[in-house]
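Everything below concerns the one structure shown next.
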Amino acid sequence: MSCSKCPYEAIKIINLPSNLAKDTTHRFSKNSFKLHRLPTPRTGEVLGLVGTNGIGKSTALKILAGKLKPNLGKFESPPDWPSILSYFRGSELQNYFTKILEDNLKAVAKPQYVDQIPKAAKGQVQELLIKKCDRENLLQIYEELELTGVKDRTLDQLSGGELQRFAIAMCVVQHADVYMFDEPSSYLDVKQRLKAAKIIRDLVTPHNYVIVVEHDLAVLDYLSDYVCCLYGMPGVYGVVTLPSGVREGINIFLDGFIPTENMRFRDSELSFKVTDQAEKEVVKRTARYTYPSFTKHIGNFELKVEGGEFTDSEIIVMLGENGTGKTTMIRFVLFCK
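Counting along the sequence shown from 1, when you hit position 4 you're at 4 in UniProt numbering, and nothing is skipped either side.
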């Protein structure tokens, strides 16, 4: 007698909450990811979106940018735009989509995965920015995003942080009605994150929309005027909460509970506990390592390191801006390169 078994949990059965039978904004196909509700953009304010990966944030941005037509869950026979506008009748989204259709709003978006940019575009940083620039702010953006030193490089020569700053620059040098930034702080150090956040906030006018997806809660707090949280199950479904104030929205995300809907979407809260005094713990250290003082030259860059030591059973934190030689030092100390 033989038995057929599906290995590696290839088939997964998930029980969905009963309240997800309505408010479906988009579904890709049968038994695939579906998104419930949409964030609500407002002119003259920055909308912040926060939620785990795979929960529908990028899908929501594509819909709001007019690049993906919401099918309201009817993937086999998608509705036309009059039906979609009727579905959102009486809400701010009806006015927003009407503007997208009738006023031909221009939307520019910074992609989430900036490391894929060199595969999609070729050319020098300066050449590509000049081609897109129509705001006469290029020199200012070079300076504020620290791109002056790399403007003659091609995209495949840029690091992750440089690609991120280039992608932000490609958006902010353009005139647009809708600006969208998907995770603008990844790859950036603290100083660069604050600079990027200030540049994004400076885009706000009484007539345009600015939408930001952000995982760094400090940057989200600084950037946003109001927040929508997204919850659900990654790759299965995502739900957008109603707009709330920044502090309230961040607390909803951390607590995993929506007071206005009496809805808990996470079993436990995310808490950051800091003790007044670190507990002293005796750890047996069996090995001690030393490294000499050295100077390393890479092109025009010079790194000077004083000798030091470290042991096992301890964590050492290296602090410093991007491009100051942290990775170079680690490579030399560990691999003598």
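For every residue, glycine included, the Cβ atom is placed at its ideal position computed from N, Cα and C.
(1) So Val240 and Ala60 are supposed to be a Cβ contact under 8 Å. How far apart are they, rounded?
(2) For Thr40, does the three-state DSSP call read helix, strand or coil?
(3) Do the CB positions of Asp221 and Val204 come within less than 7 Å of each other?
(4) Taking the alpha carbon of residue 345 as the point to measure from, which residue in Lys326, Gln116 and Gly73 has its own alpha carbon closest?
(5) With distances taken from CA atoms, which of Asp80, Asp134, Arg331 and Tyr179 is nearest Ala65?
(6) By Cβ distance below 7 Å, which residues in the same chain neighbour Ala121 in space, the five residues on each side in sequence not counted?
(7) So is Leu188 buried or exposed if we call it buried at 16+ other beta carbons inside 10 Å?
(8) So, Ser182 versus Gln124, is the Cβ gap smaller than 7 Å?
(9) By how many angstroms is the C-alpha of Ser313 removed from the C-alpha of Val219?
(10) How about Glu92 and Thr40: do their beta carbons lie closer than 7 Å?
(11) Is it true that the stretch 44-63 meets the stretch 224-240, where meeting means three or more beta-carbon pairs spaced less than 8 Å apart?
(12) Is there contact here, the stretch 86-103 with the stretch 129-145, by at least three beta-carbon pairs under 8 Å?
(13) Quick one, which of Gly308, Leu334, Gly232 and Pro243 has its alpha-carbon nearest Asn53's?
(14) Can you list, in chain order, the residues of its chain with a C-beta nearer than 7 Å to that of Lys296? Leave out the 5 residues immediately preceding and following it.
(15) Closer than 7 Å by C-beta to Glu144: which residues in its own chain qualify, once you throw out the five before and the five after it? Chain order, please.
(16) Pick from Glu321, Val236, Gly249 and Phe310: whose alpha carbon is nearest that of Lys34?
(17) With H, G and I counted as helix, E and B as strand and the rest as coil, what does DSSP make of Glu302?
(18) Could you give the first and the last residue of the continuous beta strand (DSSP E) run that contains Thr241?
(19) With a threshold of 7 Å on Cβ separation, who are the neighbours of Tyr96 within its own chain once the five nearest residues in sequence on each side are excluded?
(20) Would Glu162 and Val173 qualify as a contact pair, given that the criterion is a beta-carbon distance under 7 Å?
(21) Give the straight-line distance between the Cα atoms of Glu306 and Leu334, rounded to the nearest whole angstrom.
(22) In the DSSP assignment, the beta strand (DSSP E) including Ile211 goes from what residue to what residue?
(23) Name the two residues that bound the continuous alpha helix (DSSP H) containing Cys171.
(24) Rounded to whole angstroms, what's the CA-CA distance from Pro292 to Ile330? Just pull it up for me.
(25) Can you name, in chain order, every residue of its own chain whose Cβ lies under 8 Å from the Cβ of Leu38, other than the five neighbours on each side?
(26) Look at the alpha carbon of Leu217 and the alpha carbon of Asp202, and state the distance between them as a whole number of angstroms.
(27) Does the CB of Phe272 have a neighbour CB from chain B at under 7 Å?
(28) Just to confirm before moving on: does the CB-CB distance between Leu242 and Ile55 stay below 7 Å?
(29) DSSP beta-bridge partners for His297?
(30) Less than 8 Å between the CB atoms is what I'm expecting for Arg27 and Phe75, so what's the real figure, rounded?
(31) Within 10 angstroms of the Cβ of Ala287, are there 16 or more other Cβ atoms? Answer buried if so, exposed if not.
Checking against the coordinates, here is how it stands:
(1) Within the sequence shown, the letter at position 240 stands for residue 240. Within the sequence shown, the letter at position 60 stands for residue 60. About 7 Å separates the beta carbon of Val240 from that of Ala60, a gap short enough to meet the 8 Å contact definition.
(2) Position 40 of the sequence shown, counted from the first residue, corresponds to residue 40. Under the three-state reduction of DSSP, Thr40 is assigned to coil, being neither helix nor strand.
(3) In the sequence shown, the residue the question calls residue 221 occupies position 221. In the sequence shown, the residue the question calls residue 204 occupies position 204. The answer is no: Cβ separation not under 7 Å.
(4) The structure shown does not extend to residue 345, since the chain spans only 1 to 337, so no value can be given for it.
(5) Within the sequence shown, the letter at position 65 stands for residue 65. Looking at the Cα atoms, Tyr179 is the closest of the given residues.
(6) As a working note, residue 121 is residue 121 in the sequence shown. Same-chain partners within the cutoff: Leu128 and Leu155.
(7) The residue labelled residue 188 in the question sits at position 188 within the sequence shown. Classification of Leu188: buried, given that the 10 Å Cβ count is 16 or more.
(8) Taking the sequence shown and counting its residues from 1, one reaches residue 182 at position 182. Taking the sequence shown and counting its residues from 1, one reaches residue 124 at position 124. Contrary to the premise, residue 182 reads as Asp rather than Ser in this sequence. Cβ distance not < 7 Å, so Asp182 and Gln124 don't count as in contact.
(9) In the sequence shown, the residue the question calls residue 219 occupies position 219. In the sequence shown, the residue the question calls residue 313 occupies position 313. One C-alpha to the other measures close to 33 Å.
(10) Position 92 of the sequence shown, counted from the first residue, corresponds to residue 92. Position 40 of the sequence shown, counted from the first residue, corresponds to residue 40. Yes, the Cβ-Cβ distance between Glu92 and Thr40 is below 7 Å.
(11) When Cβ pairs closer than 8 Å are counted between the two stretches, the stretch 44-63 is seen to touch the stretch 224-240, the count reaching three or more.
(12) The count of Cβ pairs closer than 8 Å, one atom from the stretch 86-103 and one from the stretch 129-145, stays below three, leaving the stretches out of contact.
(13) Looking up residue 53 in the sequence shown gives position 53. Out of Gly308, Leu334, Gly232 and Pro243, Gly232 has the C-alpha closest to the C-alpha of Asn53.
(14) Residue numbering aside, residue 296 sits at position 296 when the sequence shown is read from its first letter. Leu303, Thr328 and Phe332.
(15) For the purposes of this step, residue 144 is taken as residue 144 along the sequence shown, with counting starting at 1. Within its own chain, the residues whose Cβ lies closer than 7 Å to the Cβ of Glu144, once the five positions on either side in sequence are excluded, are Lys195 and Ile199, listed in chain order.
(16) Within the sequence shown, numbered from 1, the residue matching residue 34 stands at position 34. Taking only the C-alpha atoms, the option nearest Lys34 is Val236.
(17) One-based indexing of the sequence shown puts residue 302 at position 302. Three-state DSSP puts Glu302 in a strand.
(18) For this step, residue 241 is matched to residue 241 along the sequence shown. Neither: Thr241 is in no beta strand (DSSP E) and is coded neither H nor E.
(19) Indexing the sequence shown from 1 puts residue 96 at position 96. Cβ neighbours of Tyr96 within its own chain (closer than 7 Å, five residues either side excluded): Pro41.
(20) The residue given as residue 162 occupies position 162 in the sequence shown. The residue given as residue 173 occupies position 173 in the sequence shown. Not a contact, by the Cβ cut-off of 7 Å.
(21) Here residue 306 is taken as the residue at index 306 of the sequence shown, counted from 1. Here residue 334 is taken as the residue at index 334 of the sequence shown, counted from 1. Each residue's alpha carbon lies about 15 Å from the other.
(22) As a working mapping, residue 211 is identified with position 211 in the sequence shown. Per DSSP, Ile211 is one residue of the beta strand (DSSP E) stretching across Tyr209 to Val213.
(23) On the sequence shown, residue 171 is found 171 positions in, with the first residue counted as 1. According to the DSSP assignment, Cys171 belongs to the alpha helix (DSSP H) that extends over Gly160 to Val172.
(24) Looking up residue 292 in the sequence shown gives position 292. Looking up residue 330 in the sequence shown gives position 330. Annotation: Pro292 to Ile330 spans about 13 Å, alpha carbon to alpha carbon.
(25) Position 38 of the sequence shown, counted from the first residue, corresponds to residue 38. Within the same chain, and ignoring the five residues on either side of Leu38 in sequence, the residues whose Cβ sits closer than 8 Å to its Cβ are Thr25, Ala60, Ile63, Leu64, Pro70, Leu93 and Val240.
(26) Counting from one through the sequence shown, the residue named residue 217 turns up at place 217. Counting from one through the sequence shown, the residue named residue 202 turns up at place 202. Between Leu217 and Asp202, the alpha-carbon positions lie close to 19 Å from each other.
(27) Judged by its chain identifiers, the structure shown contains no chain B, having just a single protein chain.
(28) Walking along the sequence shown from the start, residue 242 turns up at place 242. Walking along the sequence shown from the start, residue 55 turns up at place 55. No, they are not a contact pair.
(29) Here residue 297 refers to the residue found at position 297 of the sequence shown. Answer is Glu302, bridged to His297.
(30) Looking up residue 27 in the sequence shown gives position 27. Looking up residue 75 in the sequence shown gives position 75. Correct: roughly 5 Å between the Cβ atoms.
(31) Counted from its first residue, the sequence shown places residue 287 at position 287. For Ala287, the number of other beta carbons within 10 angstroms of its own is below 16, and it is reported as exposed.
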